[in-house]
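Q: Before I ask anything, let me first share the structure, which is written out below as structure tokens.
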Amino acid sequence: MNKSSLQRLTISAMLLAISVIFGMFKIPLSQVSEIRLQFLPVAVDGMLFGPLYGGIVGALSDILCYIVRPTGPFFPGFTISAAVQGLIYGLILRKSSGVGRIIVAQAVDCIVVSLILNPVWLMLLYGNAFIPLFIARLPKVLIMFPINTILLAAVLRPSKVWIGARLT
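For the sequence shown, position 162 matches number 181 in the working numbering, and the numbering has no gaps at all.
Shown next, in the form of structure tokens:
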């Protein structure tokens, strides 16, 4: 293993640990909606190392969060959502982390993960209909979109400068 691979692995492990810590704290809004900041370290990892690393860190974060602090039944669909989220950030932010790309990444994440995948998993898990779950989650997504976009912009650029300087 060369120095660069070891550095990537070490930084990804640190970001995974931060994601697990963030995942332990949540603000429940309803039975099917909550606010978490677990996505931030996953987005940083995807931005720095690409979609593969982002997807792996996202999936491992979901699994480790469940092991550390289970909040219901384990369902692999949410692990898939977490991996897809890391893939999205890695695909969109790997080349550039400008404000436009951050907005696009957050929009794609909101649509694909928050409004499509997660309601499908909740539907399969609890037997609810998709449309009511979608409607119940829509206000949270609309409120959190600008907040998460600002958080991403505040975290991604300094992370790229600070961590990127250490990778050389």
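For every residue, glycine included, the Cβ atom is placed at its ideal position computed from N, Cα and C.
Could you have a look at residue 138 and say whether DSSP puts it in helix, strand or coil?
A: In the sequence shown, counting from the first residue as 1, residue 138 sits at position 119. It is helical.
Q: What's the call for residue 156, buried or exposed, on a 16-neighbour Cβ count within 10 Å?
A: Counting from 1 along the sequence shown, the entry for residue 156 is found at position 137. Classification for residue 156: buried.
Q: Can you tell which of 113, 77, 92 has its C-alpha closest to the C-alpha of residue 105?
A: Here residue 105 refers to the residue found at position 86 when the sequence shown is read from its first residue. Per the Cα distances, 77.
Q: Using a 10 Å radius around the Cβ and a threshold of 16 neighbouring Cβ atoms, would you call residue 66 buried or exposed?
A: Position 47 of the sequence shown holds residue 66. The residue is buried, with at least 16 neighbouring Cβ atoms inside 10 Å.
Q: Residue range of the alpha helix (DSSP H) that residue 28 falls in?
A: Position 9 of the sequence shown, counted from the first residue, corresponds to residue 28. Element bounds for residue 28: 22-42.
Q: So what's residue 116 in DSSP terms, helix, strand or just coil?
A: In the sequence shown, residue 116 corresponds to position 97, counting from 1. Note: residue 116 maps to coil in three-state DSSP.
Q: Any contact of the segment 112-124 with the segment 133-142, i.e. 3+ C-beta pairs under 8 Å?
A: no
Q: Among all the DSSP beta bridges, which residues are the ones paired with residue 54?
A: On the sequence shown, position 35 is the one that residue 54 refers to. Per DSSP, 46.
Q: Assess, as a yes-or-no matter, whether the segment 37-48 is touched by the segment 77-92 under the definition of 3 or more beta carbon pairs within less than 8 Å.
A: Enough Cβ pairs lie closer than 8 Å, so yes.
Q: Do residue 103 and residue 123 have their CB atoms nearer than 8 Å?
A: Taking the first residue of the sequence shown as position 1, residue 103 is located at position 84. Taking the first residue of the sequence shown as position 1, residue 123 is located at position 104. Cβ atoms of residue 103 and residue 123: not closer than 8 Å.
Q: Residues in the same chain with beta-carbon distance under 8 Å from residue 88, minus the five sequence neighbours each way, listed in chain order, please.
A: Position 69 of the sequence shown, counted from the start, is the residue given in the question as residue 88. 42, 43, listed in sequence order.
Q: Would residue 133 and residue 176 qualify as a contact pair, given that the criterion is a beta-carbon distance under 8 Å?
A: Taking the sequence shown and counting its residues from 1, the one referred to as residue 133 is at position 114. Taking the sequence shown and counting its residues from 1, the one referred to as residue 176 is at position 157. No. Outside cutoff.
Q: Which residue wins for smallest C-alpha separation from residue 178, given the options 166, 63, 74?
A: Here residue 178 refers to the residue found at position 159 of the sequence shown. The residue with the shortest Cα to Cα distance from residue 178 is 63.
Q: Residue 31 to residue 72, Cα distance in whole Å?
A: Walking along the sequence shown from the start, residue 31 turns up at place 12. Walking along the sequence shown from the start, residue 72 turns up at place 53. When rounded, the distance between both Cα atoms is 8 Å.
Q: Residue 80 lies in the alpha helix (DSSP H); which residues open and close that run?
A: Against the sequence shown, residue 80 aligns to sequence position 61. Looking at the DSSP string, the run of the alpha helix (DSSP H) that includes residue 80 is 70-87.
Q: Just to check my reading of the structure: residue 68 and residue 120 have Cβ atoms closer than 8 Å, yes? What is that Cβ distance to the nearest angstrom?
A: The residue you call residue 68 lines up with position 49 of the sequence shown. The residue you call residue 120 lines up with position 101 of the sequence shown. With 8 Å as the limit, residue 68 and residue 120 do not qualify as a contact, their Cβ atoms being about 16 Å apart.
Q: Is the CB-CB distance between residue 97 and residue 129 below 8 Å?
A: On the sequence shown, residue 97 is found 78 positions in, with the first residue counted as 1. On the sequence shown, residue 129 is found 110 positions in, with the first residue counted as 1. No, the Cβ-Cβ distance between residue 97 and residue 129 is not below 8 Å.
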